[in-house]
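Have a look at the structure below before the remarks.
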Amino acid sequence: MSTVTEAAEPASKVDLGTQGGGSGEIQSFDVTLKVRRYLPETSEESYWDEWTVTMYGTDRVLDALHKVKWEIDGTLSFRRSCAHGICGSDAMRINGRNRLACKTLLKDLDLSKPILVEPIKGLPVEKDLIVDMDPFFQSYREIMPFLINKGPEPTKERLQSQEDRARYDDTTKCILCAACTSSCPVFWTDGQYFGPAAIVNAHRFIFDSRDDAGDLRLEVLNDKEGVWRCRTTFNCSEACPRGIQVTKAIAEVKQAVLNRTF
Amino acid sequence: MQVHKYDVVIVGAGGAGMRAAIESGQRARTAVLTKIYPTRSHTGAAQGGMCAALANVEEDNWEWHTFDTVKGGDYLVDQDAAEVMAKEAIDAVLDLEKMGLPFNRTPEGKIDQRRFGGHTRDHGKAPVRRACYAADRTGHMILQTLYQNCVKHNVEFYNEFYVLDLLMVDEEATREDGTPYTQKRVAGVVSYELATGELHIFQAKSVVFATGGAGKVYKTTSNAHTLTGDGMAIAYRAGLPLEDMEFVQFHPTGLAGLGILLSEAARGEGGILRNADGERFMERYAPTIKDLAPRDIVARSMAEEVRQGRGAGPNKDYVLLDLTHLEPSHIDEKLPDITEFARTYLGVEPYTEPVPVFPTCHYFMGGIPTNIKAEVLQDNDTVVPGLYAAGEVACVSVHGSNRLGTNSLLDINVFGRRAGIYAAEYAQTADFVELPEGGELPTVEHIENLRSATGAEKVGELRSRLQEVMDADMQVFRDEDSIRRALAEIEDLRHRYEQVSVQDKGQRFNLDLLEGLELGYLLDIAEAMTLAALGRKESRGGHYREDYPDRDDENFMAHTMIYRDENAEMEGVKGIRFETKPVVVTRYQPMERKY
Numbered sequence: 001m002s003t004v005t006e007a008a009e010p011a012s013k014v015d016l017g018t019q020g021g022g023s024g025e026i027q028s029f030d031v032t033l034k035v036r037r038y039l040p041e042t043s044e045e046s047y048w049d050e051w052t053v054t055m056y057g058t059d060r061v062l063d064a065l066h067k068v069k070w071e072i073d074g075t076l077s078f079r080r081s082c083a084h085g086i087c088g089s090d091a092m093r094i095n096g097r098n099r100l101a102c103k104t105l106l107k108d109l110d111l112s113k114p115i116l117v118e119p120i121k122g123l124p125v126e127k128d129l130i131v132d133m134d135p136f137f138q139s140y141r142e143i144m145p146f147l148i149n150k151g152p153e154p155t156k157e158r159l160q161s162q163e164d165r166a167r168y169d170d171t172t173k174c175i176l177c178a179a180c181t182s183s184c185p186v187f188w189t190d191g192q193y194f195g196p197a198a199i200v201n202a203h204r205f206i207f208d209s210r211d212d213a214g215d216l217r218l219e220v221l222n223d224k225e226g227v228w229r230c231r232t233t234f235n236c237s238e239a240c241p242r243g244i245q246v247t248k249a250i251a252e253v254k255q256a257v258l259n260r261t262f
Numbered sequence: 001m002q003v004h005k006y007d008v009v010i011v012g013a014g015g016a017g018m019r020a021a022i023e024s025g026q027r028a029r030t031a032v033l034t035k036i037y038p039t040r041s042h043t044g045a046a047q048g049g050m051c052a053a054l055a056n057v058e059e060d061n062w063e064w065h066t067f068d069t070v071k072g073g074d075y076l077v078d079q080d081a082a083e084v085m086a087k088e089a090i091d092a093v094l095d096l097e098k099m100g101l102p103f104n105r106t107p108e109g110k111i112d113q114r115r116f117g118g119h120t121r122d123h124g125k126a127p128v129r130r131a132c133y134a135a136d137r138t139g140h141m142i143l144q145t146l147y148q149n150c151v152k153h154n155v156e157f158y159n160e161f162y163v164l165d166l167l168m169v170d171e172e173a174t175r176e177d178g179t180p181y182t183q184k185r186v187a188g189v190v191s192y193e194l195a196t197g198e199l200h201i202f203q204a205k206s207v208v209f210a211t212g213g214a215g216k217v218y219k220t221t222s223n224a225h226t227l228t229g230d231g232m233a234i235a236y237r238a239g240l241p242l243e244d245m246e247f248v249q250f251h252p253t254g255l256a257g258l259g260i261l262l263s264e265a266a267r268g269e270g271g272i273l274r275n276a277d278g279e280r281f282m283e284r285y286a287p288t289i290k291d292l293a294p295r296d297i298v299a300r301s302m303a304e305e306v307r308q309g310r311g312a313g314p315n316k317d318y319v320l321l322d323l324t325h326l327e328p329s330h331i332d333e334k335l336p337d338i339t340e341f342a343r344t345y346l347g348v349e350p351y352t353e354p355v356p357v358f359p360t361c362h363y364f365m366g367g368i369p370t371n372i373k374a375e376v377l378q379d380n381d382t383v384v385p386g387l388y389a390a391g392e393v394a395c396v397s398v399h400g401s402n403r404l405g406t407n408s409l410l411d412i413n414v415f416g417r418r419a420g421i422y423a424a425e426y427a428q429t430a431d432f433v434e435l436p437e438g439g440e441l442p443t444v445e446h447i448e449n450l451r452s453a454t455g456a457e458k459v460g461e462l463r464s465r466l467q468e469v470m471d472a473d474m475q476v477f478r479d480e481d482s483i484r485r486a487l488a489e490i491e492d493l494r495h496r497y498e499q500v501s502v503q504d505k506g507q508r509f510n511l512d513l514l515e516g517l518e519l520g521y522l523l524d525i526a527e528a529m530t531l532a533a534l535g536r537k538e539s540r541g542g543h544y545r546e547d548y549p550d551r552d553d554e555n556f557m558a559h560t561m562i563y564r565d566e567n568a569e570m571e572g573v574k575g576i577r578f579e580t581k582p583v584v585v586t587r588y589q590p591m592e593r594k595y
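These protein sequence lines are chains B and S, in that order. If you count the first sequence from 1, position 73 lands on 73 in UniProt numbering, and the numbers rise without skipping. If you count the second sequence from 1, position 461 lands on 461 in UniProt numbering, and the numbers rise without skipping.
Here it is in structure tokens:
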């Protein structure tokens, strides 16, 4: 049955030499956050607010935002949940680039200047860093993001070769944080464009050997608001906190539209 | 205030809630209320796998899986529930595959399987490959796949709707033997819409709680900020018991100092733990399966190494997860996410350097008691008609005093599915229970009191203090003194909580206010945990008492049931009643637990 070869048993004891882990002293440093505020119950206008807080070693932008919210200004509002880059709640513009606040270490930023934090662009701002995500999820829904298999249901699992499984691996990593879509200049100017995230999720199914509805999805994406709007500016690939090659996925979908037989 | 009417209302949109919704939505008019967008749920953070005895790569069967689950839980597992879970595991995995889940594959194209802690061949003889997985993001794939299928089935979501109260009515009833009792019935829930600050009542024939755990009572935790025990506390305040709250799982391999999870799959794929001397210390604590011993044992062994001065690092306060003997290509293929966490958050390169790790609060074995149909119990055996719970919020109890790795992803799929089916079937035959007059008023009052409060205490400060206390005194090692210290602090914090105020007084997206409400839940949960821990004067699974280091089946082979009861008192705390519930034993009598 098993074709897996056993790795050699690791040694019971090894010489670790000098271990990593730093000096043991936790460095502290001062950070100035400059956040684009919008409190619609108080004012129609957005404005900048600035705070300086003391942060430590491995702290991230999210930790600094929490420090402000919990110790200085409880009205500062932003979404977050897992705090380690897997739930996709806290995408925001940090120093002009879309990132997850929980994955952006303060020590990796230029701390000689204030850190600029703004809501992601292209979606209506609701309050401070919170945007309306419904248009984003609506585009996602339109590409039919679920496996469609027209064959008879097998009693056990459907077989899929390791090569076929690898074909769409990259696009299964998407956490729907909207960092890519809201970094796309086409999406900013044309709110109807599906945006990179929806195309990434279409790719995940179009290139899954178990799926039979590739043509249906390609037809949706061949629409005037579909893949052809992409101008290959690569913002999306740079923005993706999961390292998905978004632009490549879009190019593969474009190629599939051209190659398909209707 | 708006009133909505559904056959079934599901509270929570993680794995259990969405698995329930897929079933319920096809049978009855269903709404899912979730405080965060469904794809943000913490099921997505699970990494290593989901066990099922598919026997795709080596001999296995569900009976061995049942045994491992019972032994892993140190015999506090209800064995009827463990049998259901292990048996239905196979279809649960196949169902997910058919829904589209991209499992890793064997060379023959079948679902691949790998080793995981405590899962063994033939009752403990050797580790077995039982965990079905998708790289080290199995939970992410499960969450995405379930969400995709909810989209497919047009499940109706109310996103960013916090449920703040469970509406039940009391009816006088008589048991078969003629004794009178009070029967609770579910009428609906009260919900708060984050975007507007409005309250909504959802009347429902069936309500399913799938709100997850309460890891944020601790400072060092793998849990999300949103895991504040809401469902458990709401049920508890409504007069339902909480079961086995003393049992918390500390995952052995949290990134040191941060608590971020590094999957047990790292050890399943061959990674090992070493102390500062480079010694593979698990050889001493679990000679047969070593680094793949269950989590409670590995976590305690790590803490013991640090206590004995063999911790690594400048402060000797962690141990090392060593992957350096594995091929980088193997690491990239099987463990890409967790190795990236080590690089991103600690700047450590796992190909060449061992990764600093220490136990992190991970999972609550306890919760709202249910039977194997996911029906909630109002005492040891009385079902609350129409009320269901599944996943981490529930205690069915398949995990007993220590959950095996992968069994939570399994639990949410098996019992989430059951909850959805039984809730819908019940709704098809039952009538709506009339909403209690003014049922929303306690919630209105609670919110307005907090919004208008002017006291000097701050939510963030009280919560930090609670988390520090729990980290210090309710961790892997406990004793009478430490638990009492924690309890005294919690009682003090509960007192201070009465003076808490929030700064945001607005209606829209008032997360400041909701964090204040969540702190109230955390304090209730922490109190129940410490009282349960005081009551259990033995060591079992995740609950290790240094003053009672042995398991004591004669006196404590029973579940703990904690109730809020204004006429009772426990350990000087007014309003708490402590009871026990027998463990369901079918085929496995308790034995000494060695690995």
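Here a beta-carbon is modelled for each residue, glycine too, at the ideal position from N, C-alpha and C. Bear in mind the structure is a predicted one, so any value in this text is a computation, not a measurement.
Beta carbon of residue i nearer than 8 angstroms to that of residue j
i             : j      : result
I199/B        : V227/B : yes
V306/S        : T69/S  : no
S46/B         : R60/B  : no
L242/S        : R540/S : no
K334/S        : D60/S  : no
V179/B        : A249/B : Note on identity: in this sequence residue 179/B is Ala, with Val being the wrong assignment. For A179/B and A249/B, no; Cβs fall outside 8 angstroms.
S77/B         : F161/S : no
residue 605/S : R295/S : Lying before the first or after the last residue shown, residue 605/S is absent from chain S, which here runs from 1 to 595.
T175/B        : I72/B  : Note that residue 175/B is Ile in the sequence shown here, rather than Thr. No, the Cβ-Cβ distance between I175/B and I72/B is not below 8 angstroms.
Any chain S beta carbon closer than 8 angstroms to residue i
i      : result
H84/B  : yes
G74/B  : yes
S161/B : yes
K150/B : no
C180/B : no
W51/B  : no
G214/B : no
F146/B : yes
S23/B  : Its pLDDT being 49, under 50, S23/B is placed unreliably by the model, and nothing is read from it.
P10/B  : yes
E157/B : yes
W228/B : no
Local Cβ density within 10 Å of residue i, reported as buried at 16 or more and exposed below that
i      : result
S23/B  : Low per-residue confidence applies at S23/B: pLDDT is 49, beneath 50, and the placement is therefore not dependable, though the value from the model is reported in the following sentence. Answer is exposed; the Cβ neighbour count stays below 16.
T211/S : buried
H123/S : exposed
E515/S : buried
N555/S : exposed
P549/S : exposed
Chain B within 8 angstroms of residue i, Cβ atoms only
i      : result
I331/S : no
R225/S : Looking at the sequence provided, one finds His at residue 225/S rather than Arg. Cβ-Cβ to chain B under 8 angstroms: yes for H225/S.
Y345/S : yes
P127/S : no
V502/S : yes
P294/S : no
K205/S : no
Identity of the residues DSSP links to residue i by a beta bridge
i      : result
C395/S : P369/S
Y548/S : R545/S
R36/B  : W48/B
L242/S : I562/S
F157/S : V32/S
Exercise for review: Inspect the CB distances between the stretch 560-576 of chain S and the stretch 238-246 of chain S and report whether three or more fall short of 8 angstroms.
Suggested key: Yes, they touch.
Point to revise | Cβ pair count under 8 angstroms reaching 3, the stretch 149-157 of chain S against the stretch 126-136 of chain S | key: no
Exercise for review: Determine contact between the stretch 8-17 of chain S and the stretch 27-42 of chain S, defined as no fewer than three beta-carbon pairs at a distance below 8 angstroms.
Suggested key: yes
**Study point:** the stretch 164-175 of chain B / the stretch 101-110 of chain S touching (three or more Cβ pairs under 8 angstroms)
**Key:** yes
Check your understanding: Is there contact here, the stretch 345-352 of chain S with the stretch 190-210 of chain S, by at least three beta-carbon pairs under 8 angstroms?
Key -> no
Practice item. Examine the Cβ distances between the stretch 519-532 of chain S and the stretch 215-232 of chain S and report whether three or more of them are shorter than 8 angstroms. Key: yes
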